[in-house]
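Chemist: Residue numbers (the working numbering), protein chains in the order written: chain A, 1 to 377; chain B, 1 to 377; chain C, 1 to 296; chain D, 1 to 296.
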């Protein structure tokens with residue numbers, strides 16, 4: 001789960017990482033007073049996508065009226081398709097230089113990695129890799145002060161700048177561990193004449209650890225209503241814009257199914273990995289989600305492992321009865337309890353395929369042919 | 001630093017280890033009220049030495065007047081030579097069985113070790129070693145739940161008894177780590193019909209970590225006034241009852257010096273390891289401590305490593321001038337800056353030895369011969 | 001022959017009394033795996049499918065000789081059970097459970113390194129040497145003993161590929177699912193090394209997907225392999241920037257794209273199949289060429 | 001020859017700009033040790049006795065080939081500096097600093113085990129191969145090159161014993177101070193193994209003291225040694241139950257007493273000296289007998 005900048009910064013602040021003085025607004029109430037108290041301010045749209053600065057999502061003001069109108073302007077705008085609902089107004093700080101700092105996990109090394117660069121700021125993604133220092137952290141000893149000294153040495157920082165940056169690194173690592181983060185990022189970490197502070201803040205926490213999140217971790221809804229419903233069922237679901245509703249079990253096979261639809265000239269309405277071990281009830285709920293997006297056809301591709309084919313078959317029969325399906329549906333069913341599943345479908349007059357090639361080409365021919373449910377014909 | 005039972009239990013309680021309901025008293029005020037509220041109570045002398053129960057330091061009462069008189073009795077008593085100044089009064093608990101639990105460090109394994117036994121209670125030191133389960137803990141992963149399950153399995157505990165004991169172990173380990181403990185011990189850990197609780201509590205914290213002790217760690221003065229003064233100077237000092245005041249640098253050589261005094265028929269007034277790297281000023285202060293215990297003679301045995309012989313020589317000259325020493329003093333001086341030290345002493349007409357044998361036999365002959373300072377003769 | 005598992009491998013099941021643990025213990029026994037014990041705290045003394053249940057791994061290992069363990073416990077308990085197996089001296093550990101918190105996985109991996117143990121998973125269907133032994137949850141009936149090693153990141157997709165292989169008459173020496181999480185124990189390269197060294201394996205199929213750089217790294221290793229490798233990759237049609245489930249399918253900074261993976265593998269001499277049912281024929285072709293190379 | 005150190009050992013000093021670090025760097029150089037660098041955060045670019053100072057150990061190791069490091073930093077900083085040296089790949093680490101918190105030492109030891117490094121100390125005077133190299137704070141002038149290895153728990157007492165040896169004309173191959181803390185890195189046994197394997201060492205002197213069971217454990221090992229061992233132990237006169245400084249001199253449950261140590265060592269064939277000045281003669285006697293045994 002991604003946190004908004006203002007949430008990440010609140011967590012940083014609680015954990016001793018300096019951030020600019022700021023306040024959060026969802027309307028103009030209090031904006032004038034805050035600006036007057038603070039002086040020159042930055043007004044920052046709170047959106048989860050990157051590249052906000054370049055998209056015009058950050059404005060500056062030095063007068064109360066100007067601040068109000070810019071808040072209004074931002075709250076009326078969209079950044080990369082997302083409606084701005086909140087702004088963070090912060091004191092403007094004197095920037096001597098902009099650094100970059102992030103901690104995440106390197107999957108191929110199976111280790112935590114700290115990234116640091118003196119080329120912080122908006123274009124960090126364009127910075128050549130050799131200008132980004134990578135330091136792997138052994139989780140059994142954690143990030144120790146000596147490692148931060150070596151990092152600042154490689155960055156070429158000296159004196160106060162180095163010491164304060166080292167402090168921030170140590171605290172950022174604590175945040176990373178304490179909050180089960182997948183990513184914490186400060187870009188830029190700005191050096192002012194007196195301190196270094198987090199001028200921006202990104203934080204992604206690990207949903208799998210949600211049960212042990214500290215109470216100060218807020219909940220952020222990033223999903224569409226349908227995606228959220230799927231999520232509650234433990235299903236990975238992403239809305240796409242094609243024509244065939246797809247349900248499969250396993251991310252890889254789902255992607256491969258989408259690839260096949262594309263290969264044979266169609267496209268998917270969604271990505272749905274119904275996961276392993278889904279029960280009959282969960283499968284039925286997943287099917288209802290699929291239908292709610294009005295696809296032109298359904299393709300169910302089940303390779304039973306933990307998922308049992310008979311569960312899927314029973315669920316499909318139940319949904320079909322309840323909803324009186326009119327669209328073409330093709331089912332491919334192999335693996336655990338395959339014979340049982342096939343038999344349940346056959347009892348209801350529904351045919352299933354063993355071959356994924358046949359299933360995919362069948363659903364496409366049905367689509368092109370006009371949309372009747374052949375299995376029931 | 002050893003903590004009193006009531007202090008250890010307060011730390012246990014804060015960290016989720018169940019302890020009997022109790023209150024601390026240094027006089028009889030409130031004793032009657034506490035007994036009336038609680039019913040049957042145990043009144044426990046708060047002393048740092050073991051074997052308190054057998055020494056009569058624990059009494060029981062079921063009536064207010066009886067509680068008061070037993071508190072008075074204990075506060076007027078000594079346990080193994082220590083005046084009882086505080087009592088802990090606790091509810092009496094129903095004991096189904098008594099377990100033993102401790103966590104300490106095994107120096108030869110360089111690891112933390114948990115000790116557990118179903119033979120808890122007063123005579124744990126007599127329990128054969130095979131009845132005490134020893135489990136080493138890798139500090140990089142800490143004590144994990146699975147290890148506690150294996151320990152209770154080996155103890156033969158089942159069900160609730162096992163689960164609650166496992167909980168206590170996990171929390172006791174947290175206490176051990178969080179408070180920089182050298183030892184945490186619960187003897188007995190009593191099983192009551194509803195819970196397991198720490199009926200006694202011992203805790204020794206590592207003085208070297210005093211700078212980072214949590215605020216809830218109290219300070220316990222265990223030393224004599226002179227020992228405390230030495231401690232403040234960073235000197236290891238133990239009062240003994242012999243005749244020669246000894247100062248040396250290093251615990252091993254100090255012990256060896258004491259052994260030599262004994263071997264040649266005398267005895268030491270103290271153990272004083274003035275440590276490595278002591279400055280002239282600290283050395284002078286150490287000498288003053290020695291003199292304050294009125295030894296019949298002084299033996300200074302310095303093998304210079306970090307300690308420099310010239311510092312010791314200058315300090316001795318200074319103290320000698322300031323205090324007008326009348327007792328016999330023998331100085332043995334070798335090692336770093338030995339020539340310089342010897343020269344400084346010689347300038348003041350003081351002779352020093354290179355041989356420890358000569359120095360020890362000399363101080364003894366002076367003692368027997370009547371107590372003049374030969375170095376100045 | 002095969003890698004990691006064979007007919008003598010002695011296995012314990014952690015979480016054997018749970019629904020999944022019970023079901024798959026039965027399935028593994030039916031496949032011929034030697035399940036010598038199960039672990040379930042507080043359930044010691046019971047039996048599951050005739051297999052004795054112990055309270056702890058240490059107890060199981062006191063009473064049985066054990067080569068490998070498979071974990072079926074809920075995600076919250078995985079770290080504890082994995083560390084338990086590792087401390088007790090298990091050197092091959094398969095973690096089937098999905099949804100294990102990332103930081104827990106990192107701690108498990110660090111301790112496994114210290115204990116010099118190999119971990120497959122988390123979030124894996126396990127590994128199998130057809131005709132000999134399986135550890136995990138894969139369906140029993142799609143595999144066929146043979147001489148092709150299969151290694152995959154994704155679970156069900158590797159069943160699909162194995163199904164295609166078996167359908168084409170191409171049997172497997174061993175099949176390994178690395179697990180679908182961002183951090184997993186064994187990597188493509190570690191499994192490829194074992195296949196390269198295994199006399200019973202004549203060719204290898206690698207099943208990958210977009211996201212991460214595991215396939216690119218594998219390609220580097222494959223350059224030095226003597227055995228032919230065929231690959232199939234999922235995610236060609238995925239729109240950039242959308243996260244497709246747990247698959248690591250986050251396309252970032254031009255790395256981990258379908259294109260970069262195909263290029264890296266092709267450059268390493270790997271035949272990359274366009275469609276799942278092309279894998280079998282490509283493997284046959286590679287084996288035929290391989291025989292020519294060696295014997296012709 | 002000698003153990004651990006010789007004239008080619010390249011050493012860095014952590015905490016080189018502190019008072020002790022500076023003084024003992026000078027002393028080590030004067031003795032002939034190859035001090036190739038020092039580390040002192042924020043002081044990089046300076047020099048101490050002509051030795052270049054670096055900001056971090058990693059920087060030092062980029063610029064110098066390094067075999068060993070010695071730590072002189074304050075107790076609070078020891079853990080950080082020790083982990084730094086270990087992560088950077090130092091395999092021989094000497095921690096001179098005293099008053100290191102026990103839990104810090106435990107963490108250092110666990111990481112050293114992982115990194116397969118050897119630690120001497122904390123709270124040690126270091127180690128020395130007379131005529132070749134020293135790392136630590138021992139006085140330079142009491143040692144004499146020779147063929148007797150010395151290993152001791154206590155610092156100054158081992159100077160005393162070396163002084164007696166040198167006075168008796170008995171030179172030393174290497175002298176190792178294990179350190180006076182409750183938990184230290186290298187043990188008697190590890191050093192005895194090295195002496196046993198070192199062709200230049202013909203006999204060993206073990207200097208122990210009451211408390212703990214290190215001497216008893218050493219005795220077990222000595223039973224299998226081919227080289228003669230002479231011991232001296234301190235603490236015969238210590239009253240039970242009094243803690244004598246940092247020496248581990250806590251006498252508990254009848255273990256670690258003077259008597260139990262003398263008995264264990266004597267049973268292992270060790271000659272235990274009663275008085276410090278008996279050590280030299282006992283070693284000479286053992287060497288004479290040893291020669292007889294081997295050549296006679």
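Note that CB positions come from ideal geometry on N, CA and C, so glycine has one too. Predicted model, so just to flag it, every value in this text is computed and none were measured.
(1) I'd like to know whether the C-beta atoms of residue 137 of chain D and residue 235 of chain B end up nearer to each other than 8 angstroms.
(2) Where residue 365 of chain B and residue 166 of chain D are concerned, what is the direct C-alpha to C-alpha distance, given to the nearest angstrom?
(3) Can you confirm whether residue 139 of chain C, when its beta carbon is compared against all beta carbons of chain A, has any partner nearer than 8 angstroms?
(4) Quick check: is the beta carbon of residue 130 of chain B nearer than 8 angstroms to any beta carbon in chain D?
(5) Could you pull out every residue in the same chain whose Cβ sits closer than 6 angstroms to the Cβ of residue 75 of chain B, ignoring the five residues on either side in sequence?
(6) What are the complete alpha helix (DSSP H) segments, minimum 4 residues, inside the stretch 229-309 of chain A?
(7) For residue 193 of chain A, which residues in the same chain have their Cβ closer than 8 angstroms to its Cβ, ignoring the five residues on either side in sequence?
(8) Does any CB atom of chain C fall closer than 8 angstroms to the CB of residue 141 of chain B?
(9) Flag residue 35 of chain C as yes if its beta-carbon sits less than 8 angstroms from any beta-carbon of chain A, otherwise no.
(10) I want to verify the contact list: residues of chain A whose CB lies under 7 angstroms from the CB of residue 182 of chain C, in sequence order.
(11) Residue 122 of chain D: buried (16+ other C-beta within 10 angstroms of its C-beta) or exposed?
(12) Under the rule that 16 or more other beta-carbon atoms within 10 Å means buried, what is residue 136 of chain B, buried or exposed?
(13) What are the boundary residues of the alpha helix (DSSP H) that residue 221 of chain D is part of?
(14) Taking its Cβ as the centre, do 16 or more other Cβ atoms sit within 10 Å of residue 20 of chain A, making it buried, or is it exposed?
(15) Let's test the definition: count the other Cβ atoms within 10 Å of the Cβ of residue 323 of chain B and tell me whether it reaches 16, buried, or not, exposed.
(16) What separation, rounded to the nearest whole angstrom, lies between the Cα atoms of residue 309 of chain B and residue 340 of chain B?
(17) Just by C-beta distance, which residues in the stretch 64-83 of chain D are closer than 9 angstroms to chain A?
(18) To the nearest whole angstrom, what separates the beta carbons of residue 78 of chain D and residue 104 of chain D, a pair I think is in contact under 8 angstroms?
(19) How many Å lie between residue 261 of chain C and residue 260 of chain A at the Cα?
(20) For residue 304 of chain C and chain A, any beta-carbon pair shorter than 8 angstroms?
(21) Please check if any C-beta of chain C sits within less than 8 angstroms of the C-beta of residue 330 of chain A.
(22) In chain order, what residues of the same chain lie with their CB nearer than 6 angstroms to the CB of residue 248 of chain B, ignoring the 5 residues before and after it?
(23) Going along the chain, which residues of the stretch 209-224 of chain A sit with their C-beta nearer than 8 angstroms to a C-beta in chain C?
(24) Considering residue 80 of chain D, what are the terminal residues of the beta strand (DSSP E) in which it resides?
(25) List the residues of chain A whose Cβ lies closer than 8 angstroms to the Cβ of residue 101 of chain D, in chain order.
(26) Against chain A, with Cβ distances strictly below 8 angstroms, would residue 41 of chain D count as a contact?
(27) Could you compute how far the alpha carbon of residue 93 of chain C sits from the alpha carbon of residue 11 of chain C?
(28) Which chain C residues sit within Cβ distance under 7 angstroms of residue 336 of chain A?
(29) Below 8 angstroms between beta carbons: does that hold for residue 22 of chain B and residue 98 of chain B?
(30) Let me know if residue 276 of chain C comes out buried or exposed under the rule of 16 or more other beta-carbons within 10 Å of its beta-carbon.
(31) Check the Cβ of residue 55 of chain C against every Cβ in chain B and list those closer than 7 angstroms, keeping chain order.
(32) Against chain A, does residue 276 of chain C count as a neighbour if the rule is that its beta carbon must be under 8 angstroms from one of theirs?
(33) Taking 8 angstroms as the limit between beta carbons, can you name the residues of its chain near residue 270 of chain C, skipping five residues before and five after?
(34) In the DSSP assignment, what are the bridge partners of residue 172 of chain C?
(35) Determine whether the beta carbon atoms of residue 258 of chain C and residue 233 of chain C lie at a separation below 8 angstroms.
(36) Residues of the stretch 92-116 of chain D with a CB closer than 9 angstroms to any CB of chain A: list them in chain order, please.
Modeler: Once the coordinates are examined:
(1) For the purposes of this step, residue 137 of chain D is identified with residue 137 of the fourth chain, where counting begins at 1. For the purposes of this step, residue 235 of chain B is identified with residue 235 of the second chain, where counting begins at 1. No, these two residues do not count as a Cβ contact at 8 angstroms.
(2) Here residue 365 of chain B refers to the residue found at position 365 when the second chain is read from its first residue. Here residue 166 of chain D refers to the residue found at position 166 when the fourth chain is read from its first residue. CA-to-CA, the gap between residue 365 of chain B and residue 166 of chain D works out to about 27 angstroms.
(3) Position 139 of the third chain, counted from the first residue, corresponds to residue 139 of chain C. Yes, contact with chain A.
(4) Taking the first residue of the second chain as 1, we reach residue 130 of chain B at position 130. Judged by the 8 angstroms Cβ criterion, residue 130 of chain B is not in contact with chain D.
(5) Start at 1 with the first residue of the second chain, and residue 75 of chain B comes out as number 75. Excluding residues within five positions, the ones whose Cβ falls inside 6 angstroms are 84.
(6) 251-263, 280-292
(7) Position 193 of the first chain, counted from the first residue, corresponds to residue 193 of chain A. If we look at residue 193 of chain A and ignore the five residues flanking it on each side, its Cβ neighbours are 94, 96.
(8) Here residue 141 of chain B refers to the residue found at position 141 of the second chain. Answer yes: the Cβ-Cβ gap between residue 141 of chain B and chain C drops below 8 angstroms somewhere.
(9) What you label residue 35 of chain C is simply residue 35 of the third chain in a count that begins at 1. Using a CB distance cut-off of 8 angstroms, residue 35 of chain C does not count as an interface residue toward chain A.
(10) Within the third chain, residue 182 of chain C is the residue found at index 182, counting from 1. Within 7 angstroms Cβ-Cβ: 105, 107.
(11) Along the fourth chain, one-based indexing puts residue 122 of chain D at 122. It counts as buried.
(12) Translated into the one-based positions of the second chain, residue 136 of chain B becomes position 136. Classification for residue 136 of chain B: exposed.
(13) Translated into the one-based positions of the fourth chain, residue 221 of chain D becomes position 221. Counting along the chain, the alpha helix (DSSP H) containing residue 221 of chain D begins and ends at 214-222.
(14) Looking up residue 20 of chain A in the first chain gives position 20. Counting every other CB atom within 10 Å of its CB across the protein chains shown gives residue 20 of chain A a total of 16 or more, marking it as buried.
(15) Here residue 323 of chain B is taken as the residue at index 323 of the second chain, counted from 1. Flag for residue 323 of chain B reads exposed.
(16) Numbered from 1 along the second chain, position 309 holds the residue referred to as residue 309 of chain B. Numbered from 1 along the second chain, position 340 holds the residue referred to as residue 340 of chain B. Whole-angstrom Cα-Cα distance: 7 angstroms.
(17) Taking 9 angstroms as the Cβ-Cβ cut-off against chain A, the residues of the stretch 64-83 of chain D that qualify are 77, 79, 80, 81, 83.
(18) As a first step, residue 78 of chain D is located in the fourth chain; it is residue number 78 there, counting from the start. As a first step, residue 104 of chain D is located in the fourth chain; it is residue number 104 there, counting from the start. Confirmed, about 6 angstroms.
(19) By one-based count along the third chain, residue 261 of chain C stands at place 261. By one-based count along the first chain, residue 260 of chain A stands at place 260. Roughly 18 angstroms between the two C-alpha positions.
(20) This structure does not reach residue 304 of chain C, given that chain C is present from 1 up to 296, and the question cannot be answered.
(21) Counted from its first residue, the first chain places residue 330 of chain A at position 330. No, no contact with chain C.
(22) The residue you call residue 248 of chain B lines up with position 248 of the second chain. Cβ neighbours of residue 248 of chain B beyond the five flanking positions: 254, 257, 301.
(23) Answer set for the stretch 209-224 of chain A: 209, 211, 212.
(24) Your numbering for residue 80 of chain D matches position 80 in the fourth chain. Note, residue 80 of chain D: premise wrong, no beta strand (DSSP E); alpha helix (DSSP H) at 75-88.
(25) In the fourth chain, counting from the first residue as 1, residue 101 of chain D sits at position 101. Near residue 101 of chain D there are no residues of chain A at all, since even the closest Cβ is about 15 angstroms away, more than 8 angstroms.
(26) As a first step, residue 41 of chain D is located in the fourth chain; it is residue number 41 there, counting from the start. Yes, contact with chain A.
(27) Counting from 1 along the third chain, the entry for residue 93 of chain C is found at position 93. Counting from 1 along the third chain, the entry for residue 11 of chain C is found at position 11. So the alpha carbons of these two residues sit roughly 10 angstroms apart.
(28) Within the first chain, numbered from 1, the residue matching residue 336 of chain A stands at position 336. Result: 139.
(29) For the purposes of this step, residue 22 of chain B is taken as residue 22 along the second chain, with counting starting at 1. For the purposes of this step, residue 98 of chain B is taken as residue 98 along the second chain, with counting starting at 1. No, these two residues do not count as a Cβ contact at 8 angstroms.
(30) Taking the third chain and counting its residues from 1, the one referred to as residue 276 of chain C is at position 276. So residue 276 of chain C counts as buried.
(31) Walking along the third chain from the start, residue 55 of chain C turns up at place 55. Contact annotation for residue 55 of chain C against chain B: 149, 153 [CB-CB distance below 7 angstroms, chain order].
(32) Counted from its first residue, the third chain places residue 276 of chain C at position 276. Cβ-Cβ to chain A under 8 angstroms: yes for residue 276 of chain C.
(33) Your numbering for residue 270 of chain C matches position 270 in the third chain. Counting only Cβ-Cβ distances below 8 angstroms, and skipping sequence neighbours, we find 206, 219, 222, 229, 230, 231.
(34) Within the third chain, numbered from 1, the residue matching residue 172 of chain C stands at position 172. Paired residues: C:148.
(35) Residue 258 of chain C sits at position 258 when you count from the first residue of the third chain. Residue 233 of chain C sits at position 233 when you count from the first residue of the third chain. A contact, by the Cβ cut-off of 8 angstroms.
(36) The residues in question are 107, 110, 111, 114.
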